[in-house]
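Okay, so here's the structure we're looking at.
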Amino acid sequence: MSETDNDEDDDGEDLTADWGAALQEQVEGEGGTFDEDVAAQWASMMDEPDDEDGSRGATERVLNQEEIDGLLGFDPNELGESEQRGIESIVNSALVSYERLPMLEIVFDRLVRLMTTSLRTFTSDNVEVSLDNISSIRFEDYLNSIPLPAILSVFKAVEWDNFGLLTVDSNLIYSIVDILLGGRRGVNSMRVEGRPYTTIETMLVERMIQVILSDARVAFEPIGSVNFKIDRLETNPRFAAISRPQNAAILVKLRIDMEDRGGHIELMLPYATLEPIRHLLMQGFMGEKFGRDSIWEDHLASEIWRSEIEVEAVLDEFEMRLGDVMNFEVGQTLMLNVGEKSDIVLRCGEVNLLTGKMGRKADHIAISLNNNLAGRTTEFSLGEPNDEDDVLQVEGVN
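If you read the sequence shown in our numbering, its first letter stands for residue 315, the second for the next number, and so on.
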């Protein structure tokens, strides 16, 4: 072996020693030991597959649905929440927020109170209804997020000439069936998977839906009169398409608790369905009551009956030149085109109210009325009467 080869070997050993010393100083500075870290690195290298198939599988791994939803910002379980991420905020930027319809939340709060009473009567059990969430959503996104199995009720708003969708989840279906058929309390309802709902289960759920729609009609009554009628029941969301996929809708999530049992219902109303009453839903809520207030109406009517008005008795009207009017003198006589039996007009402002015949009663000039306004006995007198007998009482004639 030549000296050149020996020198090269020595240089390689020196370089290796320098790298080893530097690596040991770095590891010891981080709080570890050199031997342990080197052993751990060698163990990890031995565990890693060195074939090309393993590396290709790691780089070409197929993403699952949760990872895809996380990248795009979609989460079917969080549809309708205020926080939005990623592409979802861009896609939903064109949606109309239900917060622009302040009366809508008042209507659904009233619906919750009505349903609590109605379902207690319907089930003869202690029922609590709560409003979970009100949100805006696209119709296609909602259909894709419906947890199956479920019963979907397509109903029609007759006066608004459009449709809505009410979804009952499986937990509530089995709970209602169990309660209505006399199931024992304190025992969770049995769920049978892998089969369609029976006719009895469907009929019992349909009865509950009718109760809910009846309460919805009463809840919307102060805003506008509407009747909700069940159109059909579906178990496949594809057959419950009542709107175009990209149309926006209002989604209301309600929770129904019956002691240790319960479930959710979801009420979906497209914006097209609410369009006839949109201007009413945009109004602000000014008090506990909205719509007609019978107390204020009665008070206003009573005050109107007590109000005082000025009534004039017009004998005649005619036109004259301004020059003739300016030449009027004291004691001048004006000739009127009326006779003793001519009708006198009673006027309030610019409105002609009544007609009558002029006459005299006691010391006052009076008018005998020919008709009346309300079909009742009318009392009227010109001037201030001296006593009650001076009031002219005339039976009105229509």
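Each residue gets a CB set at the ideal place from its N, CA and C atoms; glycine is no exception.
Check your understanding: What is the DSSP secondary structure of GLU580, counted as helix, strand or coil?
Key -> Here residue 580 corresponds to residue number 266 of the sequence shown, with the count starting at 1. Reduced to three states, the DSSP call for GLU580 is strand.
Exercise for review: Tell me whether ALA554 is buried or exposed, calling it buried when 16 or more other Cβ atoms sit within 10 Å of its Cβ.
Suggested key: Position 240 of the sequence shown, counting from 1, holds the residue named residue 554. It counts as buried.
Check your understanding: Out of GLU626, VAL665, HIS678, LEU583, which has the shortest C-alpha to C-alpha gap to PHE469?
Key -> As a working mapping, residue 469 is identified with position 155 in the sequence shown. Looking at the Cα atoms, LEU583 is the closest of the given residues.
Check your understanding: Could you give the C-beta distance for ILE564 and LEU588, rounded to a whole number, given that I count them as a contact under 8 Å?
Key -> Along the sequence shown, one-based indexing puts residue 564 at 250. Along the sequence shown, one-based indexing puts residue 588 at 274. With a contact defined as Cβ atoms closer than 8 Å, ILE564 and LEU588 qualify at about 7 Å.
**Study point:** Span of the beta strand (DSSP E), counted from its first residue to its last, around ARG283
**Key:** In the structure as shown, the chain starts at 315 and stops at 712, and residue 283 therefore has no counterpart that could be examined.
Check your understanding: So which of LEU418, GLU419, VAL426, ARG414 has the shortest CA-CA distance to LEU568?
Key -> Locating residue 568 in the sequence shown gives position 254, where the first residue counts as 1. Residue VAL426 is the option with its Cα nearest to LEU568.
Check your understanding: For PHE453 versus VAL525, is the C-beta spacing smaller than 7 Å?
Key -> If you number the sequence shown from 1, residue 453 lands on position 139. If you number the sequence shown from 1, residue 525 lands on position 211. Result no, Cβ atoms of PHE453 and VAL525 do not sit closer than 7 Å.
Review point. Pick from GLU631, VAL628, ALA562: whose alpha carbon is nearest that of SER449?
Key: Walking along the sequence shown from the start, residue 449 turns up at place 135. Selection GLU631, VAL628, ALA562 evaluated against SER449 yields ALA562 as nearest (Cα-Cα).
Review point. Between which two residues does the beta strand (DSSP E) harbouring PHE542 extend?
Key: Within the sequence shown, the letter at position 228 stands for residue 542. Segment 542 to 548, the beta strand (DSSP E) holding PHE542.
Practice item. To the nearest angstrom, report how far apart PHE642 and ASN684 are at their CA atoms. Key: On the sequence shown, residue 642 is found 328 positions in, with the first residue counted as 1. On the sequence shown, residue 684 is found 370 positions in, with the first residue counted as 1. Cα to Cα, PHE642 sits roughly 34 Å from ASN684.
Review point. Would DSSP call ALA530 helix, strand or coil?
Key: By one-based count along the sequence shown, residue 530 stands at place 216. In this structure, ALA530 counts as helix in the three-state DSSP scheme.
Exercise for review: Kindly give me the distance between the Cβ atoms of MET572 and ILE514, rounded to whole angstroms, as I take these residues to be in contact under 8 Å.
Suggested key: For the purposes of this step, residue 572 is identified with residue 258 of the sequence shown, where counting begins at 1. For the purposes of this step, residue 514 is identified with residue 200 of the sequence shown, where counting begins at 1. Actually they do not touch by this definition, with Cβ atoms about 19 Å apart.
Check your understanding: Alpha carbon to alpha carbon, how far is ARG558 from THR512?
Key -> The residue you call residue 558 lines up with position 244 of the sequence shown. The residue you call residue 512 lines up with position 198 of the sequence shown. Linking ARG558 to THR512 through their CA atoms gives a straight-line distance of about 30 Å.
Point to revise | Local Cβ density within 10 Å of ILE556, reported as buried at 16 or more and exposed below that | key: For the purposes of this step, residue 556 is taken as the residue at position 242 of the sequence shown. With 16 or more other Cβ atoms within 10 Å, it is buried.
Exercise for review: Tell whether a beta-carbon distance below 7 Å holds between ALA471 and VAL421.
Suggested key: Position 157 of the sequence shown, counted from the first residue, corresponds to residue 471. Position 107 of the sequence shown, counted from the first residue, corresponds to residue 421. Contact: no.
Review point. Around the Cβ of ILE623, are there at least 16 other Cβ atoms within 10 angstroms (buried) or fewer (exposed)?
Key: On the sequence shown, residue 623 is found 309 positions in, with the first residue counted as 1. By the neighbour-count criterion, in which a residue is buried when 16 or more other Cβ atoms sit within 10 angstroms of its Cβ, ILE623 is exposed.
Exercise for review: With a cut-off of 8 Å on the beta carbons, I'd call ASP657 and THR669 a contact; round off their distance for me.
Suggested key: For the purposes of this step, residue 657 is taken as the residue at position 343 of the sequence shown. For the purposes of this step, residue 669 is taken as the residue at position 355 of the sequence shown. ASP657 to THR669, Cβ: 4 Å. Contact.
Check your understanding: In whole angstroms, what is the alpha-carbon distance linking ASP446 and SER621?
Key -> Here the question's residue 446 lines up with position 132 in the sequence shown. Here the question's residue 621 lines up with position 307 in the sequence shown. As the crow flies, the alpha-carbon of ASP446 is around 51 Å from that of SER621.
Review point. Are ARG661 and GLU626 closer than 7 Å when you measure CB to CB?
Key: Taking the sequence shown and counting its residues from 1, the one referred to as residue 661 is at position 347. Taking the sequence shown and counting its residues from 1, the one referred to as residue 626 is at position 312. Cβ atoms of ARG661 and GLU626: closer than 7 Å.
Review point. What is the residue span of the beta strand (DSSP E) that ALA555 lies within?
Key: Position 241 of the sequence shown, counting from 1, holds the residue named residue 555. Per DSSP, ALA555 belongs to no beta strand (DSSP E) and is neither H nor E.
Practice item. Could you pull out every residue in the same chain whose Cβ sits closer than 7 Å to the Cβ of MET429, ignoring the five residues on either side in sequence? Key: Walking along the sequence shown from the start, residue 429 turns up at place 115. Contacts found: VAL443, ILE526, ASP529.
Exercise for review: Could you check the C-alpha separation between GLY653 and VAL644 for me, to the nearest Å?
Suggested key: Within the sequence shown, residue 653 is the residue found at index 339, counting from 1. Within the sequence shown, residue 644 is the residue found at index 330, counting from 1. For GLY653 and VAL644, the distance between alpha carbons rounds to 24 Å.
Check your understanding: Among the residues of its own chain, which have a CB less than 7 Å from the CB of ARG674, if the five just before and after it don't count?
Key -> The count along the sequence shown starts at 1 and reaches residue 674 at position 360. Residues ALA680 of the same chain have their beta carbon placed closer than 7 Å to that of ARG674, with the five preceding and five following residues left out of the count.
Point to revise | ASN561 - DSSP class collapsed to helix/strand/coil | key: Here residue 561 refers to the residue found at position 247 when the sequence shown is read from its first residue. When secondary structure is reduced to three states using DSSP, ASN561 falls in the coil class, being assigned neither helix nor strand.
Practice item. Report the three-state DSSP secondary structure of ILE460 (helix, strand or coil). Key: In the sequence shown, residue 460 corresponds to position 146, counting from 1. ILE460 falls in the coil class under three-state DSSP.
Practice item. Give every residue of the same chain whose Cβ lies closer than 6 Å to the Cβ of LEU667, excluding the five residues on either side of it in the sequence, and list them in chain order. Key: Numbered from its first residue, the sequence shown carries residue 667 at position 353. Counting only Cβ-Cβ distances below 6 Å, and skipping sequence neighbours, we find LEU660.
Check your understanding: Would you call the CB atoms of ALA533 and ARG414 closer than 7 Å?
Key -> Taking the sequence shown and counting its residues from 1, one reaches residue 533 at position 219. Taking the sequence shown and counting its residues from 1, one reaches residue 414 at position 100. No; because the gap between Cβ atoms is not below 7 Å, this pair is not in contact.
Practice item. Tell me where the alpha helix (DSSP H) around ASP492 begins and ends. Key: Start at 1 with the first residue of the sequence shown, and residue 492 comes out as number 178. Here the alpha helix (DSSP H) through ASP492 covers 484 to 494.
Practice item. From the DSSP output, in three-state form, read off LEU428 for me. Key: On the sequence shown, position 114 is the one that residue 428 refers to. The answer is helix: DSSP assigns LEU428 an H, G or I state.
Review point. Based on the DSSP output, what are the partners of ASP571 in its beta bridges?
Key: As a working mapping, residue 571 is identified with position 257 in the sequence shown. Looking at the DSSP assignment, ASP571 forms a beta bridge with GLU442, GLY576.
**Study point:** Beta-carbon proximity list for GLU580, same chain, < 6 Å, skipping 5 on both sides
**Key:** What you label residue 580 is simply residue 266 of the sequence shown in a count that begins at 1. In chain order, THR481, LYS567 place their CB closer than 6 Å to the CB of GLU580, counting only its own chain and leaving out the 5 sequence neighbours on each side.
**Study point:** Where VAL566 sits in the DSSP three-state scheme
**Key:** Taking the first residue of the sequence shown as position 1, residue 566 is located at position 252. In this structure, VAL566 counts as strand in the three-state DSSP scheme.
Review point. For PRO463 versus SER489, is the C-beta distance shorter than 7 Å?
Key: As a first step, residue 463 is located in the sequence shown; it is residue number 149 there, counting from the start. As a first step, residue 489 is located in the sequence shown; it is residue number 175 there, counting from the start. In terms of Cβ geometry, PRO463 and SER489 do not form a close pair [threshold 7 Å].
Review point. Going by beta carbon distance, what residues of the same chain come within less than 7 Å of LEU629, once the five residues before and after it are set aside?
Key: Sequence index remark: in the sequence shown, residue 629 carries index 315 (1-based). Counting only Cβ-Cβ distances below 7 Å, and skipping sequence neighbours, we find LEU650, VAL652, ILE658.
Check your understanding: How many Å lie between GLY497 and LEU433 at the Cα?
Key -> Residue numbering aside, residue 497 sits at position 183 when the sequence shown is read from its first letter. Residue numbering aside, residue 433 sits at position 119 when the sequence shown is read from its first letter. Rounded to the nearest angstrom, the two C-alpha atoms are 17 Å apart.
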